[in-house]
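Take a look at the structure below.
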Amino acid sequence: MIAALTRVFGMHNLALAEDVVQDAFCRALEVWRVRGIPENPSAWLMVTAKNRALDVLRRQRTARTFAPEMGRLLESEWTLAPAVEELFAAPAIKDDLSRMMFSCCHPRLSEEGQVALVLHILCGFRVGEIASAFVSTQAAIEKRITRAKKVLAASKRLFDITEAADFSTRLPAVHRALYLLFNEGYHGASAETAVRAELCREAMRLTAVLLAHPFGATPATHALAALMCLHAARLPARVDGSGNLISLLHQDRSQWDQELVGEGLKLLELSASGAELSAYHVEAAIASIHARARDAHDTDWAAIVSLYDTLMTTHPSPIVALNRAIAIAQNEGPERGLEEIRSIADRDRLAAYPFYAAALGELELRRGRHEAAREHFRAALALARNPMERRFLDRRVAAGAGGGAQQAFPERFWDQVLGIFESQVDTAGGSKLEL
Amino acid sequence: MSEFTYLFRGRDTSASPEQMHKSMQKWVAWFKELGANGHIKDPGHPLEGTGKVVSGRHKSVHDGPYAEAKDIVNGYMLIEARDLAHAVEISKGCPILDVGGSVEVRPIQIFNI
Numbered sequence: 023m024i025a026a027l028t029r030v031f032g033m034h035n036l037a038l039a040e041d042v043v044q045d046a047f048c049r050a051l052e053v054w055r056v057r058g059i060p061e062n063p064s065a066w067l068m069v070t071a072k073n074r075a076l077d078v079l080r081r082q083r084t085a086r087t088f089a090p091e092m093g094r095l096l097e098s099e100w101t102l103a104p105a106v107e108e109l110f111a112a113p114a115i116k117d118d119l120s121r122m123m124f125s126c127c128h129p130r131l132s133e134e135g136q137v138a139l140v141l142h143i144l145c146g147f148r149v150g151e152i153a154s155a156f157v158s159t160q161a162a163i164e165k166r167i168t169r170a171k172k173v174l175a176a177s178k179r180l181f182d183i184t185e186a187a188d189f190s191t192r193l194p195a196v197h198r199a200l201y202l203l204f205n206e207g208y209h210g211a212s213a214e215t216a217v218r219a220e221l222c223r224e225a226m227r228l229t230a231v232l233l234a235h236p237f238g239a240t241p242a243t244h245a246l247a248a249l250m251c252l253h254a255a256r257l258p259a260r261v262d263g264s265g266n267l268i269s270l271l272h273q274d275r276s277q278w279d280q281e282l283v284g285e286g287l288k289l290l291e292l293s294a295s296g297a298e299l300s301a302y303h304v305e306a307a308i309a310s311i312h313a314r315a316r317d318a319h320d321t322d323w324a325a326i327v328s329l330y331d332t333l334m335t336t337h338p339s340p341i342v343a344l345n346r347a348i349a350i351a352q353n354e355g356p357e358r359g360l361e362e363i364r365s366i367a368d369r370d371r372l373a374a375y376p377f378y379a380a381a382l383g384e385l386e387l388r389r390g391r392h393e394a395a396r397e398h399f400r401a402a403l404a405l406a407r408n409p410m411e412r413r414f415l416d417r418r419v420a421a422g423a424g425g426g427a428q429q430a431f432p433e434r435f436w437d438q439v440l441g442i443f444e445s446q447v448d449t450a451g452g453s454k455l456e457l
Numbered sequence: 092m093s094e095f096t097y098l099f100r101g102r103d104t105s106a107s108p109e110q111m112h113k114s115m116q117k118w119v120a121w122f123k124e125l126g127a128n129g130h131i132k133d134p135g136h137p138l139e140g141t142g143k144v145v146s147g148r149h150k151s152v153h154d155g156p157y158a159e160a161k162d163i164v165n166g167y168m169l170i171e172a173r174d175l176a177h178a179v180e181i182s183k184g185c186p187i188l189d190v191g192g193s194v195e196v197r198p199i200q201i202f203n204i
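So, in structure tokens, the structure goes:
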């Protein structure tokens, strides 16, 4: 709705658009409380917002300037209502979502700013929700969004999605924002829940809108969509009854959403066109190997290593290198894994990352070096970001204190670490902790 | 360029909502065309069928004009055209003509005092 309203009011009246939407929701609360929820709530909201917009346009005709694209259509009763009507029609709305997505990914905004805007404006997330999604404070997110909106308001019009050139310039940013959004939902650095499926769903919904647009249906978009489907397919098995993350290797694969797996594999195939090989392609390919494996031991780890090799040449980063090292350890044993970890360039960037220390701990544990393992796990525990991680790492410290009797655990832990790692791939090399 | 007023008459008040909707679409299209060609000076407004008539030295007030009257003005618009003939040409695209209505084309009177 906000997207449609900014088309009428103009980008510089973004706040007005938000107010109108807010009014519509308030009205809904009043009326629905008395008359009950209508059969089609979203249509009701749309009509209410539209009528409120017409009100505003009439009353503030002389006081404000509205969207330049609307020209003089808003000035006269001959054309006002029909013009607004047209903008609220279904095909226009879909277009507006794309338009808004691209507008939010303004080049003058930081990545975090772009994603925050997408969440706030397009997905309707409150500031508090965004703050917990990005492990930041309410005040910081508030500031970020306010600044971002100012940048947006300064642009004369909504991003014109009919311009092919501009579209392809911003598309990578849009991809990145959607990727980050999905990742936040899949991994969950938030203090409350390990996984926030609604973030994943939003990311998938918006990616689908992108795919539906002629300029948006690029191979990379298909790969991104495939990646999301393949990961989302595992969500039902990813969290246990007590809210703990279950590693990929120990998940009950019968709980995986096979429809999503199928969808993902199909999208992956569709992405295999053209010369472009994005990081999303590689990640989706890795996800597809897991998706096709009957169980953990059936997994083609060598192929995964080779895919990480590719990722390291096209999109090197410490996190990718770490994931690769873990895959190598899985394939060739802990010594090789440790070797690889020690030779990661820019290792210091992983210093604040609990699972870097945890991986070192695990590999040492597998080699029987319990003291070293305990040191690493303690270091990891100190860096834990939420209760779930703390519980998890606590158990590892205890395991390190054990000794021979704990031999049964390393396998499990290793699986859990891997399970968490496999969701951490950050292809631009930045630690997600910075968000 | 000179200015002219269009006075529209003959709007179909018995039209169904669907017909009204379609007719509004036609008006928007015509407006966009006029606007694109730089003819619109003031887009004007449609006018309600009710109102009052104030007349004479005694300033008597009567109800009217009545909506059924064929010569009630339904709306107005101000346009720019080269001359009267041009303004007349442009007016021929008006959708009200399709429903048997009319467009009165009047030049703006310029007073040089």
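So the sequences go chain by chain: D and C.
Residue 23 is where the first sequence starts when you use our numbering, and the numbers rise one by one after that.
Residue 92 is where the second sequence starts when you use our numbering, and the numbers rise one by one after that.
Ideal Cβ positions, reconstructed from N, Cα and C, are used throughout, including at glycine.
(Q) Which residue marks the beginning of the alpha helix (DSSP H) containing Glu384(D), and which one marks its end? (A) Taking the first residue of the first sequence as position 1, residue 384(D) is located at position 362. It spans 376 to 388 - the alpha helix (DSSP H) in which Glu384(D) sits, taken as one unbroken run.
**Q.** Neighbourhood of Met111(C) by C-beta, 8 Å cutoff - its chain only, sequence neighbours within 5 removed
**A.** Taking the second sequence and counting its residues from 1, the one referred to as residue 111(C) is at position 20. Result list for Met111(C): empty, nothing under 8 Å.
Q. From what residue to what residue does the alpha helix (DSSP H) around Leu27(D) run?
A. If you number the first sequence from 1, residue 27(D) lands on position 5. Per DSSP, Leu27(D) belongs to the alpha helix (DSSP H) from 24 to 31.
Q | Per-residue contacts from Gln86(C) into chain D (C-beta, under 7 Å) | A | As shown, chain C starts at 92 and ends at 204. That puts residue 86(C) outside it, with no answer to give.
Q | Neighbouring residues, chain D, relative to Pro137(C) (Cβ below 7 Å) | A | Taking the second sequence and counting its residues from 1, one reaches residue 137(C) at position 46. In chain order: Glu99, Trp100.
Q. Any contact of the stretch 117 to 135 of chain D with the stretch 231 to 239 of chain D, i.e. 3+ C-beta pairs under 8 Å?
A. yes
Q.
Please report the distance separating the alpha-carbon of Gly155(C) from that of Ile163(C).
A. Position 64 of the second sequence, counted from the first residue, corresponds to residue 155(C). Position 72 of the second sequence, counted from the first residue, corresponds to residue 163(C). Between Gly155(C) and Ile163(C), the C-alpha separation is close to 9 Å.
Q | Identity of the residue in Ile187(C), Lys161(C), Leu188(C), Ile199(C) nearest Leu175(C) by Cα | A | On the second sequence, residue 175(C) is found 84 positions in, with the first residue counted as 1. Closest by alpha carbon: Ile199(C).
**Q.** Contacts around Phe31(D), its chain only, beta-carbon distance under 7 Å, and the 5 residues preceding and following it disregarded
**A.** The residue you call residue 31(D) lines up with position 9 of the first sequence. For Phe31(D), where only same-chain residues beyond five positions count, the Cβ hits under 7 Å are Leu38, Ala39, Phe88, Ala89.
Q. Mind pulling the chain C residues with CB within less than 9 Å of Gly286(D)?
A. Start at 1 with the first residue of the first sequence, and residue 286(D) comes out as number 264. Neighbours of Gly286(D) on chain C: none; closest Cβ ~43 Å, over 9 Å.
Q.
What would DSSP say about Phe110(D), mapped onto helix, strand or coil?
A. Here residue 110(D) refers to the residue found at position 88 of the first sequence. DSSP places Phe110(D) in coil when its eight states are reduced to three.
Q: Report the rounded CA-to-CA distance for His392(D) versus Ala349(D), giving the unit in angstroms.
A: The residue you call residue 392(D) lines up with position 370 of the first sequence. The residue you call residue 349(D) lines up with position 327 of the first sequence. Cα to Cα, His392(D) sits roughly 22 Å from Ala349(D).
Q. Quick one: Cα of His142(D) to Cα of Leu193(D), how far?
A. Numbered from 1 along the first sequence, position 120 holds the residue referred to as residue 142(D). Numbered from 1 along the first sequence, position 171 holds the residue referred to as residue 193(D). Distance between the alpha carbons of His142(D) and Leu193(D) is about 19 Å.
Q: Answer yes or no: do Leu53(D) and Ala75(D) have a C-beta to C-beta separation smaller than 7 Å?
A: As a position in the first sequence, residue 53(D) is number 31, starting the count at 1. As a position in the first sequence, residue 75(D) is number 53, starting the count at 1. Leu is not the amino acid found at residue 53(D); the sequence shown has Val there. No, the Cβ-Cβ distance between Val53(D) and Ala75(D) is not below 7 Å.
Q | According to DSSP, residues forming a beta bridge with Pro186(C) | A | Here residue 186(C) corresponds to residue number 95 of the second sequence, with the count starting at 1. Per DSSP, none; premise fails for Pro186(C).
Q) Would you call Arg166(D) buried or exposed, if buried means 16 or more other Cβ atoms sit within 10 Å of its Cβ? A) The count along the first sequence starts at 1 and reaches residue 166(D) at position 144. Counting Cβ neighbours within 10 Å, Arg166(D) comes out buried, since at least 16 surround it.
**Q.** For Tyr167(C), the residue or residues it bridges with in DSSP
**A.** Counted from its first residue, the second sequence places residue 167(C) at position 76. DSSP, once it has assigned bridges, lists Leu98(C) as partnering Tyr167(C).
Q: Determine, using beta carbons only, whether Phe122(C) comes closer than 7 Å to chain D.
A: In the second sequence, the residue the question calls residue 122(C) occupies position 31. Yes, because at least one Cβ of chain D sits closer than 7 Å to the Cβ of Phe122(C).
(Q) Below 9 Å on C-beta distance, what does Val119(C) contact in chain D? (A) The residue you call residue 119(C) lines up with position 28 of the second sequence. Correct list: Leu95, Trp100, Thr101, Pro104, Ala105, Glu108.
(Q) Under 8 Å: do the stretch 246 to 261 of chain D and the stretch 275 to 282 of chain D share three or more Cβ pairs, one atom per stretch? (A) yes
(Q) So Arg418(D) and Ala380(D) are supposed to be a Cβ contact under 8 Å. How far apart are they, rounded? (A) Along the first sequence, read from residue 1 onward, the residue named residue 418(D) stands at position 396. Along the first sequence, read from residue 1 onward, the residue named residue 380(D) stands at position 358. Correct: roughly 7 Å between the Cβ atoms.
Q | Distance between Pro340(D) and Phe399(D) (C-alpha atoms, nearest Å) | A | Indexing the first sequence from 1 puts residue 399(D) at position 377. Indexing the first sequence from 1 puts residue 340(D) at position 318. Roughly 20 Å between the two C-alpha positions.
Q) Measuring CA to CA, which of Trp278(D), Leu270(D), Arg198(D) is closest to Leu246(D)? A) Position 224 of the first sequence, counted from the start, is the residue given in the question as residue 246(D). Among Trp278(D), Leu270(D), Arg198(D), the Cα nearest to that of Leu246(D) belongs to Arg198(D).
Q. On the premise that Leu221(D) lies in contact with Val18(D), defined as a C-beta separation below 8 Å, what is that separation, rounded to the nearest angstrom?
A. Chain D is shown only over 23 to 457; residue 18(D) falls outside these bounds and no answer can be derived.
Q | Helix, strand or coil at His458(D) [DSSP, three-state] | A | No information on residue 458(D) is available, as it lies outside the stretch 23 to 457 that chain D covers here.
Q. Straight-line CA distance for Glu444(D) to Glu61(D)?
A. As a working note, residue 444(D) is residue 422 in the first sequence. As a working note, residue 61(D) is residue 39 in the first sequence. Because the pLDDT at Glu444(D) is just 48, under 50, the model does not fix this residue reliably, and the value given afterwards should be weighed accordingly. Their Cα atoms are separated by approximately 43 Å.
Q | Contacts around Glu298(D), its chain only, beta-carbon distance under 8 Å, and the 5 residues preceding and following it disregarded | A | Counting from 1 along the first sequence, the entry for residue 298(D) is found at position 276. The answer, listed in chain order, is Thr240, Pro241, Ala242.
Q. Rounded to the nearest angstrom, how far is the Cβ of Gly129(C) from that of Thr104(C), given a contact under 8 Å?
A. Locating residue 129(C) in the second sequence gives position 38, where the first residue counts as 1. Locating residue 104(C) in the second sequence gives position 13, where the first residue counts as 1. No, Gly129(C) and Thr104(C) are not in contact; Cβ-Cβ is about 32 Å, not under 8 Å.
Q | Gln136(D) burial status per 10 Å Cβ neighbour count (16 or more: buried) | A | Counting from 1 along the first sequence, the entry for residue 136(D) is found at position 114. Under this definition Gln136(D) is a buried residue.
Q: Give a yes or no on contact between the stretch 324 to 333 of chain D and the stretch 294 to 312 of chain D, applying the rule of three or more CB pairs nearer than 8 Å.
A: yes
Q. Measuring CB to CB, does Lys132(C) end up less than 7 Å from Leu98(C)?
A. Position 41 of the second sequence, counted from the first residue, corresponds to residue 132(C). Position 7 of the second sequence, counted from the first residue, corresponds to residue 98(C). No.
Q) Cβ atoms of Glu99(D) and Pro108(C): under 7 Å apart, would you say? A) By 1-based counting over the second sequence, the position of residue 108(C) is 17. By 1-based counting over the first sequence, the position of residue 99(D) is 77. No, they are not a contact pair.
Q: Determine which residues share a DSSP beta bridge with Arg197(C) and list them.
A: Working through the second sequence from its first residue, we reach residue 197(C) at position 106. DSSP output for Arg197(C) lists Thr96(C) as bridge partner(s).
Q. Any C-beta of chain D sitting closer than 7 Å to the C-beta of Pro156(C)?
A. Walking along the second sequence from the start, residue 156(C) turns up at place 65. No, Pro156(C) does not count as interfacial toward chain D.
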